[in-house]
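**Student:** Chains as they are written, first to last, in the working numbering: chain A, 77 to 147; chain B, 1195 to 2026.
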């Protein structure tokens, strides 16, 4: 499923990112690699997201969260 | 020295270790504490510039240790070293092209795995590396333990522990840097390679072998690094190898084949698999040397965030903090600004004192109106800029700025801007100049440029005097507040449209997708805030002032030349005649007081009390006291903006009359004489002279280049309902929006003093319809920004053409919008 559908507090594993090379490489460098464990810290239903990954908090735009496949 | 010269290039950045000089580069993730460490190392000995061609800040500093002069380059904070972002490219190019003697890689200890991703790429670059485990105290408090010796062995580089914000560990870092830098280059270093697994390693080795013939490429970049980058399909490296390799076709085919193999075997593209392997390498190293005893998911930062990023409370906190920033910048800054304005006034007076009072010297005018007026007009913003940047530095260093972006992102995203763009927009209501500077908080160049370009549409404080002049002149009291609000709303609406247009036509493609780290909250250090504030404030001073000086002098020259020598009226003679009339009127009063008939003692500004008869001195003092009381009353009414029918006005007036009454009591016999002196002799004369001088200024301005330009563009302005007088004032207002009012005052020959406002309003009402009044405001709101904004936009965008584009675009927009408003209004019959 897409990350944007994950409820606050849930812990998921990243499967893949559907995006171009540039963005994907950037996300990779920030720790969003396949297999990484993510916790959704904030998902207000609209607007951006906060996820916890590898000890940091990342803010992601909603559009981007829709392109991140997790399980 | 042990370290011999081992660098070939002689670029300014590559300091050869000849003797005691070492160049180090600081690399690390954003929020790893890199800047704090840089400040600790270099203190105030910093130089901030830009990397050529890009707006990435380039910071360098010097520090001395054990007789070594260590040049420190602070690379932009990056998560990786790909060619995808400007910052990463800048950092990478610096490392490759300038090959610093030591790369110091700063790691946030509490977030080590993610931070080591950059380290793996630094290891591959093959430069001498020192790792810094920063904020190790926080990490230890969170229950993370490090086996530094083992980690250092696994990563092949010495590790130093530091606590940046407490200035701990700086010395051991310097020690390690010197030790690494002075190791002779031929000493075998522990060879650590990031392993990618057997298959990928084989592909890497194959490509490396193909490249080995190209001596120049390999010796410069390192064969393995090139091979890995080619496999990752790094466009910049591909380009370099294509133009440098002897057997490019063979290399290209081999790389393509290898990428196909990897994709087939692993089900993902080579760059993802390689990135994955890097994390695998890190994870392996960490498993052996980092132990996290307690898993603390809910740290203090998270608890703060529970409130700070909350939909409702978060917004409230944000609004409160923004109000604080605005208040600090403009309300607290105002008195300081007044002091600076006063100082420049004094300087102007002092310089004016070098010439006789009635001197017409062009040099005097150039120095006072052009140089001091122009540069002073810029420098007065300095307190606001310093306060604003101190506030922003505090919010940035504390980690709040990222939360502010989160809070505002939903709203700003709809407009097409980044969440952080809200801050410059808000500042823009005060003054566009610091607002343009505030766009520095935006990371993406596109976002910065878009925000910068539409900022002048946010109605700044300098437009307020224009509205304050025109709105009461044309609109009845109940329409005034809505009109003022309308100007602000129109500005914002146009800014939103502007962003849409820029995003559609100029900065095509998606806006930078929003991915941002929310760093843990930290207490900002005073040192950090001071250094950041000074950096930006001095950049403003240095660059903006040069352009602004040039423009100020140009504007001065245009408003002064050509100077009409044969004026239509003989103002000197008229002024002399006016003085004669006053003296005649004064003669009677002089006679009553027993003074010589031609004496000007009663109207003199300063009085030689010893040489004058006692009752004459008393009369002059009484006159001055009445004048002072009247002035206080006028100021009180103006300051509090009292309306004549308000009770507060009534109270002030009663107080004023009481004051006058007491003055009358002190000298009942002189009081009528003082009133006669003030209201019948001195007052009318002064008004007469002011009128004459205003008429002369108007005639001179009309004959100057600005006046001629105003007339020249009159046909162009006619469709907007403007005549040459408005045109002239608009041109003069290029030097600063608030100057429009002063320019109108000069053109209309009512003088440019504040009290001239009512006279000017009466004239305007006489000459123009409310529709024209509205159109003037509209044009002033939208048209080309002031010189200071132009200068600062040119500097901050890195290209003067963006500033030109902005000025031209806004002026064209202003023309079209005003044209539409005027024509439509006329059609609807609003023009009368």
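Glycine included, C-beta positions come from ideal geometry on N, C-alpha and C.
Please read these numbers as outputs of a predicted model, since none were measured by experiment.
State the DSSP-derived secondary structure class of residue 1491/B, mapped to helix, strand or coil.
**Tutor:** Here residue 1491/B scores only 47 on pLDDT, less than 50, and its place in the model is too uncertain to base an answer on.
**Student:** Per DSSP, which residues does residue 1934/B bridge with? Please list them.
**Tutor:** According to DSSP, residue 1934/B bridges with nothing at all.
**Student:** Would you mind telling me which residues of chain B sit closer than 9 Å to residue 144/A, beta carbon to beta carbon, in chain order?
**Tutor:** Ordered by position in chain B, no residue passes the 9 Å Cβ test against residue 144/A, which lies about 10 Å from the chain.
**Student:** Strictly under 9 Å for the Cβ-Cβ distance: is residue 101/A near chain B by that measure?
**Tutor:** Yes, residue 101/A lies at the interface with chain B (some Cβ there is under 9 Å from its Cβ).
**Student:** Just confirm the distance between the C-beta atoms of residue 1398/B and residue 1422/B, as a whole number of angstroms; I'd bet it's less than 8 Å.
**Tutor:** Contact holds; Cβ gap of about 6 Å.
**Student:** Taking contact to mean 3 or more Cβ pairs, one atom from each stretch, closer than 8 Å, check whether the segment 1468-1478 of chain B and the segment 1433-1440 of chain B are in contact.
**Tutor:** As far as the Cβ criterion goes, the segment 1468-1478 of chain B does not touch the segment 1433-1440 of chain B, which means the pair count is below three.
**Student:** Determine the direct distance from the alpha carbon of residue 1515/B to that of residue 1283/B, and round the result to whole angstroms.
**Tutor:** Taking the straight line from one Cα to the other gives about 35 Å.
**Student:** So what's residue 127/A in DSSP terms, helix, strand or just coil?
**Tutor:** Residue 127/A falls in the strand class under three-state DSSP.
**Student:** Would you mind telling me which residues of chain B sit closer than 7 Å to residue 85/A, beta carbon to beta carbon, in chain order?
**Tutor:** Ordered by position in chain B, no residue passes the 7 Å Cβ test against residue 85/A, which lies about 10 Å from the chain.
**Student:** Any Cβ of chain A within less than 9 Å of the Cβ of residue 1308/B?
**Tutor:** Closer than 9 Å: yes.
**Student:** If you reduce the DSSP assignment to three classes, tell me which class residue 1301/B lands in.
**Tutor:** Looking at residue 1301/B - three-state DSSP - the assignment turns out to be strand.
**Student:** Excluding five sequence neighbours on each side, which residues of the same chain lie with their C-beta closer than 7 Å to the C-beta of residue 1925/B?
**Tutor:** The residues are 1900, 1903 and 1904.
**Student:** If you reduce the DSSP assignment to three classes, tell me which class residue 1668/B lands in.
**Tutor:** It is helical.
**Student:** In whole angstroms, what is the alpha-carbon distance linking residue 1308/B and residue 130/A?
**Tutor:** Rounded to whole angstroms, residue 1308/B to residue 130/A spans 6 Å at the Cα level.
**Student:** Could you tell me which chain A residues have their CB closer than 7 Å to the CB of residue 1505/B, listed as they occur along the chain?
**Tutor:** Correct list: 120.
**Student:** What is the residue span of the beta strand (DSSP E) that residue 1471/B lies within?
**Tutor:** It is not in any beta strand (DSSP E) - residue 1471/B instead sits in the alpha helix (DSSP H) that spans 1464-1483.
**Student:** Which residue comes first and which comes last in the alpha helix (DSSP H) that contains residue 1293/B?
**Tutor:** Looking at the DSSP string, residue 1293/B is not in any alpha helix (DSSP H), and its letter there is neither H nor E.
**Student:** Which of the three DSSP states is assigned to residue 1864/B in this structure?
**Tutor:** Looking at residue 1864/B - three-state DSSP - the assignment turns out to be coil, as it is neither helix nor strand.
**Student:** Residues of the segment 123-134 of chain A with a CB closer than 7 Å to any CB of chain B: list them in chain order, please.
**Tutor:** The residues in question are 123, 124, 126, 130, 131, 132, 133 and 134.
**Student:** Using three-state DSSP, classify residue 94/A as helix, strand or coil.
**Tutor:** If DSSP states are grouped into helix, strand and coil, residue 94/A belongs with coil.
**Student:** Around the Cβ of residue 1453/B, are there at least 16 other Cβ atoms within 10 angstroms (buried) or fewer (exposed)?
**Tutor:** When all chains shown are included, residue 1453/B counts as buried.
**Student:** Name the chain B residues that come within less than 8 Å of residue 81/A, Cβ to Cβ?
**Tutor:** Within chain B, no residue comes near residue 81/A; the closest Cβ sits about 18 Å away, beyond 8 Å.
**Student:** Of all the CB atoms in chain A, is at least one closer than 9 Å to the CB of residue 1325/B?
**Tutor:** It does not; no Cβ of chain A falls within 9 Å.
**Student:** Might you give, ordered along the chain, the residues of its own chain that have their beta carbon closer than 7 Å to the beta carbon of residue 1474/B, omitting 5 neighbours on each side?
**Tutor:** Within the same chain, residue 1474/B has no close Cβ partners at all.
**Student:** Pick helix, strand or coil for residue 1710/B, following the three-state DSSP scheme.
**Tutor:** Residue state, collapsed to three classes: strand.
**Student:** Counting only Cβ pairs nearer than 8 Å, list the residues of chain A close to residue 1466/B.
**Tutor:** Within chain A, the residues near residue 1466/B are 100, 104, 109 and 110.
**Student:** What residues from the segment 1691-1717 of chain B come within 7 Å of chain A, judged by C-beta to C-beta, listed N to C?
**Tutor:** Listed in sequence order: 1707, 1708, 1709, 1710, 1711 and 1712.
**Student:** Compare the C-beta of residue 1462/B against all C-beta atoms of chain A and say whether one is closer than 9 Å.
**Tutor:** Yes, residue 1462/B lies at the interface with chain A (some Cβ there is under 9 Å from its Cβ).
**Student:** Return no unless some Cβ of chain A is closer than 9 Å to the Cβ of residue 1452/B.
**Tutor:** Chain A contact via Cβ: absent.
**Student:** Less than 8 Å between the CB atoms is what I'm expecting for residue 1499/B and residue 1597/B, so what's the real figure, rounded?
**Tutor:** Yes, they are in contact, since the Cβ atoms of residue 1499/B and residue 1597/B sit about 7 Å apart, within 8 Å.
**Student:** If distances are taken between C-alpha atoms only, which option among 94/A, 77/A, 142/A and 123/A comes closest to residue 1462/B?
**Tutor:** Among 94/A, 77/A, 142/A and 123/A, the Cα nearest to that of residue 1462/B is on 94/A.
**Student:** Determine the chain B residues that contact residue 90/A at a beta-carbon separation under 8 Å, and present them in chain order.
**Tutor:** In chain order: nothing, as chain B lies at least about 11 Å away.
**Student:** If you measure beta-carbon to beta-carbon, which residues of the segment 1569-1601 of chain B are closer than 8 Å to chain A?
**Tutor:** Flagged, chain order: 1596, 1599 and 1600.
**Student:** Taking the beta carbon of residue 1528/B as the centre, do at least 16 other beta carbons fall within 10 Å, making it buried, or is it exposed?
**Tutor:** By the neighbour-count rule (16 or more Cβ atoms within 10 Å), residue 1528/B is not buried but exposed.
**Student:** Less than 9 Å between the C-beta atoms of residue 1325/B and residue 1223/B, yes or no?
**Tutor:** No; because the gap between Cβ atoms is not below 9 Å, this pair is not in contact.
**Student:** Quick check: the Cα distance between residue 1622/B and residue 1976/B, rounded to an integer number of angstroms?
**Tutor:** Each residue's Cα considered, the two are about 14 Å apart.
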